[in-house]
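Protein sequence lines, in the order shown, are assigned to chains Z and U.
For what it's worth, numbering that gives the first Met the number 0 labels the leading residue of the first sequence as 0, then goes sequentially.
For what it's worth, numbering that gives the first Met the number 0 labels the leading residue of the second sequence as 0, then goes sequentially.
Just so you know, even glycine gets a beta-carbon here, dropped at the ideal spot from N, CA and C.
Treat the numbers as computed from the prediction; the structure is a model and nothing was measured.
2 protein chains.
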Amino acid sequence: MDPVRNAAQLARNASYSLPSVNLETRNKALLRIAEALRTNAEEIVSANRKDLEAARAADISQVLIKRLRYDKDKIDESARSIMSLIEQEDVVGKLLSRTELDNGLVLDKVSSPLGVIGVVFESRPDALVQISCLCLRSGNAVLLKGGTEAKETNEILAHIISEAASFVDERFQNAVQLLSTREQFQELLKHDDLIDLIIPRGSNELVRIIQSSTRIPVLGHAAGVCHTYVDSETDLNMAVRVCYDAKVQYPAVCNAMETLLVHKDVAGEFLPTMAEKFAEAGVTLKGDEEVRRIIDVEEATDDDWSAEYGDMILSIRIVRSIDEAIDHINHYSSQHTDAIVTTNPNTARRFLDLVDSSSVMWNASTRFADGYRYGLGAEVGISTNKTHARGPVGLEGLVIYKYILTGKGHIVAEYSGENARKFTHRRLE
Amino acid sequence: MDPVRNAAQLARNASYSLPSVNLETRNKALLRIAEALRTNAEEIVSANRKDLEAARAADISQVLIKRLRYDKDKIDESARSIMSLIEQEDVVGKLLSRTELDNGLVLDKVSSPLGVIGVVFESRPDALVQISCLCLRSGNAVLLKGGTEAKETNEILAHIISEAASFVDERFQNAVQLLSTREQFQELLKHDDLIDLIIPRGSNELVRIIQSSTRIPVLGHAAGVCHTYVDSETDLNMAVRVCYDAKVQYPAVCNAMETLLVHKDVAGEFLPTMAEKFAEAGVTLKGDEEVRRIIDVEEATDDDWSAEYGDMILSIRIVRSIDEAIDHINHYSSQHTDAIVTTNPNTARRFLDLVDSSSVMWNASTRFADGYRYGLGAEVGISTNKTHARGPVGLEGLVIYKYILTGKGHIVAEYSGENARKFTHRRLE
């Protein structure tokens, strides 16, 4: 068997025993991993040093080198984040519903692990630690592929995690598998019979490439083209404040605003003030013709409406109505996060109902769309999928459910034909 | 624009307004559809007659012709099933959770329609009615492709449904689209930017072809290789009864048993009695070497363990332990439905926890795995996927959720740096 298929098969086999590992044991394993990271900090740092040296020799950008660095502080941060994961509510084995189908015949719907998760991430070694622990905590096996630049660091981290978990319980053996090359991960994407979910942690480009090269479900978002719409009935100070935050607070991330829509009735008053604030922060503005009649900005072309700048650039368009704003967003948005600023609750309701995005917001900055801020604890990623999990995804995105039917020798034949028994279908507790 | 892309785009546009159609209006539309089916029964039957004549002329099998027939009784049955759909609980707009993130900043997680569903089905015209109504009830637009044999019937049915719904509310206009050729549906599978879910209703082969030709999520199962394991500690009468039902009651369906696993300690007593019962019903048995030492049956080869006979054929294997049974099932099962017959609750628990199938059963026939029997109301299909929806899927498989954040001008900048505000993350009601 080829090594990739073999690793996937080992993970799959491990996944069959993991649902029987109780919460206490899973938490013990996480605790041991956190301790092992701290105990082996010197070895980890020295492996990381090799990666850093190789990266410098290869003339890799300062930004990437910064992300690649995994020092004692970062190890400590990883360990602390594992400790907070231990505090999270268990997502496995939750009774979601219980129905009596007939006397003595009871159907339970119970949450269960997905099985095997394939994760690919770029550069940052702390992502390897975080995602492995999220998978183990939710009863899943995981196949990891890190950035080639972080090869030495990833190897020692995967080894430490696997060792520590297996020491606590042998069912964790083979539950964490590391792939070393990009080719191996490409190969892995073919084995849809062994892998249940792929999570790409990295650039939009990475997500797009993976989405188009596998039949395995992919959890993630390939773009974050987020909008804020300033309505005709609005508190203009609030609008300025919310829009400024949505664009300026951290422009490189997926939940930052890329297009501002303004109702024509307030554009004349709102845009000059807003433009001044943005100018102070160094934001380059682009506008449609009507915008350019009010403020002196670059011309926005059709490409701008679907652009994810990820930078201090913003496109602005004037709309005639709430419905024009909704249409624009449903047409150009990446269904990530879109906001309205209005004082009219009916207008807000219409926007929140009809904008087809994973997060919709009223009088708040799009930057809130995030697992930590939403109170989900650790974040698996943000999803713009319409099935399984949408928006910021926590541990609950790593589970599904199974039906468990308990009878006393019940057979279907008794429920058909003459004198057929009737189902009671009674919801219990 | 090509006609398929055009139809998909119309459905997508319709899907943007459907989330605002309230339950009362959706139910009114369903009621009107049911009435319209009855009012136009003669026209429908006459269209169906044309299909039947063409089918006979083309020498199509009696089984297919039987499925193709859509007479007044069947129309009436469709109308009645629409009326019972009206009684179902609403799956759209359900508040799934409410969290206070901070004073005045509240996050709701609310169920919402998927958007646009593509459905392909074979022969039976009643499937068109049922699935369109399920989609409309759950706030989705739908693109339909029926069997070519049912062309005339499907056209009039789609027309009646679309007309009736649009008469009640114009937002239903374009919400139901009919594609007429197989090539058009193949074309549709490419438009993953417009379609959110594909539901194939038909043969396993149809499901497999579709799964391997689209990046759109597909809800369904390509195979039903179901097992029953008879444990060493068991009520042998119950075992005979449950196994007989699982195989004989309706062998052509996906939840019928295909392989029987028997613990070695009871095989000598159980197999002769069981074989006699199966012989009476005309079941052909195949067994491994050990089975053939006890009863005189054909030899089972390795292919038999993964075969879905869909017929009066059963493969039998003797296992040495509960774990061997679980391993066999996790290796060969299609993750549809697998059952254990045992009197030992600990053994049952181990089986139910560790068998990785959408339905697992204790002392009950695998034939119970079905949306109607599970009390889900109308069934969208049975899914062996591990993401989104698993097992028998009712209306809830046609929805996802969105996050709705309501603030009073809240910005993220206040939650970082010195004097950062803290999130409260308080679960409300």
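What are the uninterrupted segments assigned as alpha helix (DSSP H) that are 4 or more residues long and contained completely in the region 96 to 178 of chain U, given in chain order? DSSP runs (the alpha helix (DSSP H)) wholly in the region 96 to 178 of chain U: 124 to 136 and 150 to 167.
Going along the region 384 to 413 of chain Z in order, which residues come within less than 7 Å of chain U, judged by CB to CB distance? Taken in chain order, the members of the region 384 to 413 of chain Z whose beta-carbon sits within less than 7 Å of a beta-carbon on chain U are 385, 386, 387, 389, 390, 399, 400, 401, 402, 403, 404, 405, 406, 407, 408, 409, 410, 411 and 412.
For a test of the three-state rule: what should DSSP assign to residue 298(Z), helix, strand or coil? Here the question's residue 298(Z) lines up with position 299 in the first sequence. Secondary structure of residue 298(Z) (DSSP, three-state): strand.
With H, G and I counted as helix, E and B as strand and the rest as coil, what does DSSP make of residue 225(U)? As a first step, residue 225(U) is located in the second sequence; it is residue number 226 there, counting from the start. Residue state, collapsed to three classes: strand.
Would residue 277(Z) count as contacting chain U if we go by Cβ distances under 8 Å? To locate residue 277(Z), count along the first sequence from 1; it is residue 278. Residue 277(Z) does not count as touching chain U.
Residue closest to residue 376(U), alpha-carbon to alpha-carbon, out of 285(U), 87(U) and 33(U): As a working mapping, residue 376(U) is identified with position 377 in the second sequence. Ranking the options by Cα distance to residue 376(U), first place goes to 87(U).
C-beta neighbour in chain U for residue 350(Z), strict 8 Å: Stepping through the first sequence from its first residue, residue 350(Z) is reached at position 351. Taking 8 Å as the CB threshold, residue 350(Z) stays off the interface with chain U.
Three-pair Cβ contact test at 8 Å for the region 252 to 262 of chain Z versus the region 345 to 352 of chain Z: The answer is no - the region 345 to 352 of chain Z does not touch the region 252 to 262 of chain Z, with fewer than three Cβ pairs under 8 Å.
Rounded to a whole number of angstroms, what is the C-alpha to C-alpha distance between residue 371(Z) and residue 341(U)? As a working mapping, residue 371(Z) is identified with position 372 in the first sequence. As a working mapping, residue 341(U) is identified with position 342 in the second sequence. Roughly 46 Å separates the two Cα atoms.
With a floor of 4 residues, list each alpha helix (DSSP H) that falls wholly inside the region 21 to 49 of chain U, ordered by position along the chain. As far as the region 21 to 49 of chain U is concerned, its whole alpha helix (DSSP H) runs of at least 4 residues are 22 to 38.
Using alpha carbons as the reference points, say which of 313(U), 152(U), 138(U) and 73(U) lies closest to residue 353(Z). Your numbering for residue 353(Z) matches position 354 in the first sequence. Taking each of 313(U), 152(U), 138(U) and 73(U) in turn and checking the Cα distance to residue 353(Z), the smallest one comes out for 138(U).
Using the Cβ count rule (16 or more neighbours within 10 Å means buried), how would you classify residue 431(U)? As shown, chain U starts at 0 and ends at 428. That puts residue 431(U) outside it, with no answer to give.
In the DSSP assignment, what are the bridge partners of residue 399(U)? Mapped onto the second sequence, residue 399(U) falls at position 400. According to DSSP, residue pairing for residue 399(U) in a beta bridge involves 111(U).
In chain order, what residues of the same chain have a beta carbon less than 8 Å from the beta carbon of residue 168(U), not counting five sequence neighbours either side? The sequence position of residue 168(U) within the second sequence is 169, counting from 1. The residues are 20, 24, 27 and 28.
Any chance the region 354 to 366 of chain Z sits against the region 238 to 253 of chain Z, with 3 or more Cβ pairs inside 8 Å? Between the region 354 to 366 of chain Z and the region 238 to 253 of chain Z, the count of Cβ pairs shorter than 8 Å is three or higher; the stretches touch.
Please identify the residue among 414(Z), 61(Z) and 10(Z) whose C-alpha is closest to the C-alpha of residue 172(Z). Reading the first sequence from its first residue, position 173 is the one you call residue 172(Z). Ranked by Cα distance from residue 172(Z), the options 414(Z), 61(Z) and 10(Z) are led by 10(Z).
Which value, in whole angstroms, describes the spacing of the CA atoms of residue 45(U) and residue 63(U)? Taking the second sequence and counting its residues from 1, the one referred to as residue 45(U) is at position 46. Taking the second sequence and counting its residues from 1, the one referred to as residue 63(U) is at position 64. The straight-line gap from Cα to Cα measures roughly 18 Å.
Starting from residue 336(U), follow its DSSP beta bridges and name the residues at the other end. Along the second sequence, one-based indexing puts residue 336(U) at 337. Per DSSP, 358(U).
Just the chain U side, please: which residues come within less than 8 Å of residue 113(Z) by C-beta, in chain order? For this step, residue 113(Z) is matched to residue 114 along the first sequence. Contact annotation for residue 113(Z) against chain U: 385 and 386 [CB-CB distance below 8 Å, chain order].
Quick check on residue 172(Z) - is its C-beta less than 8 Å from some C-beta in chain U? For this step, residue 172(Z) is matched to residue 173 along the first sequence. Answer no: the Cβ-Cβ gap between residue 172(Z) and chain U never drops below 8 Å.
Do we get a CB-CB distance below 8 Å when we pair residue 248(Z) with the residues of chain U? Here residue 248(Z) corresponds to residue number 249 of the first sequence, with the count starting at 1. Contact of residue 248(Z) with chain U is assigned, a C-beta pair being separated by under 8 Å.
Whose CA, out of 151(Z), 179(Z) and 135(Z), lies closest to the CA of residue 161(Z)? Locating residue 161(Z) in the first sequence gives position 162, counting from the first residue. Selected option, being the one with the closest Cα: 135(Z).
Could you check if residue 133(U) is buried or exposed, using at least 16 other CB atoms within 10 Å of its CB as the buried criterion? As a working note, residue 133(U) is residue 134 in the second sequence. By the neighbour-count rule (16 or more Cβ atoms within 10 Å), residue 133(U) is buried.
How far does the alpha helix (DSSP H) with residue 83(U) in it extend, from its first residue to its last? Your numbering for residue 83(U) matches position 84 in the second sequence. From DSSP, the alpha helix (DSSP H) with residue 83(U) extends over 71 to 86.
Less than 8 Å between the beta carbons of residue 390(U) and residue 402(Z), yes or no? Within the second sequence, the letter at position 391 stands for residue 390(U). Within the first sequence, the letter at position 403 stands for residue 402(Z). Cβ distance < 8 Å, so residue 390(U) and residue 402(Z) count as in contact.
Starting from residue 285(Z), trace the beta strand (DSSP E) in both directions and tell me its first and last residue. Residue mapping note: residue 285(Z) aligns to position 286 of the first sequence, counting from 1. Unbroken beta strand (DSSP E) run through residue 285(Z): 283 to 286.
Is residue 355(U) close to chain Z, meaning its C-beta is less than 8 Å from at least one C-beta of that chain? Numbered from its first residue, the second sequence carries residue 355(U) at position 356. Answer yes: the Cβ-Cβ gap between residue 355(U) and chain Z drops below 8 Å somewhere.
Status (buried if at least 16 other CB within 10 Å, exposed otherwise) for residue 332(Z): Taking the first residue of the first sequence as 1, we reach residue 332(Z) at position 333. Label assigned to residue 332(Z): buried.
Check the Cβ-Cβ distances between residue 50(U) and every residue of chain Z, and say whether any is below 8 Å. By 1-based counting over the second sequence, the position of residue 50(U) is 51. False, the Cβ-Cβ gap to chain Z never drops below 8 Å.
The alpha helix (DSSP H) with residue 317(U) in it runs from where to where? In the second sequence, the residue the question calls residue 317(U) occupies position 318. For residue 317(U), there is no enclosing alpha helix (DSSP H); the residue is found in the beta strand (DSSP E) stretching over 312 to 318.
Rounded to the nearest angstrom, what separates residue 217(U) and residue 116(U) at their Cα positions? Here residue 217(U) corresponds to residue number 218 of the second sequence, with the count starting at 1. Here residue 116(U) corresponds to residue number 117 of the second sequence, with the count starting at 1. Residue 217(U) and residue 116(U) have their C-alpha atoms roughly 10 Å apart.
How about residue 242(U): is its Cβ closer than 7 Å to a heavy atom in the ligand NAP? For the ligand NAP, the structure offers nothing, since it holds no ligand at all.
Given residue 178(Z) as reference, the closest of 366(Z), 70(Z) and 2(Z) once Cα atoms are compared: Taking the first sequence and counting its residues from 1, the one referred to as residue 178(Z) is at position 179. Nearest C-alpha to residue 178(Z): 2(Z).
Helix, strand or coil for residue 94(U) per DSSP? To locate residue 94(U), count along the second sequence from 1; it is residue 95. In the structure shown, residue 94(U) sits in a strand (DSSP, three-state: E or B).
Contact list for the region 79 to 112 of chain Z against chain A, Cβ threshold 7 Å: Absent here is chain A; the protein component of the structure consists of chains Z and U.
Cross-strand partners of residue 425(Z) (DSSP beta bridge): Position 426 of the first sequence, counting from 1, holds the residue named residue 425(Z). In the DSSP output, where bridge partners are listed per residue, residue 425(Z) has 99(Z).
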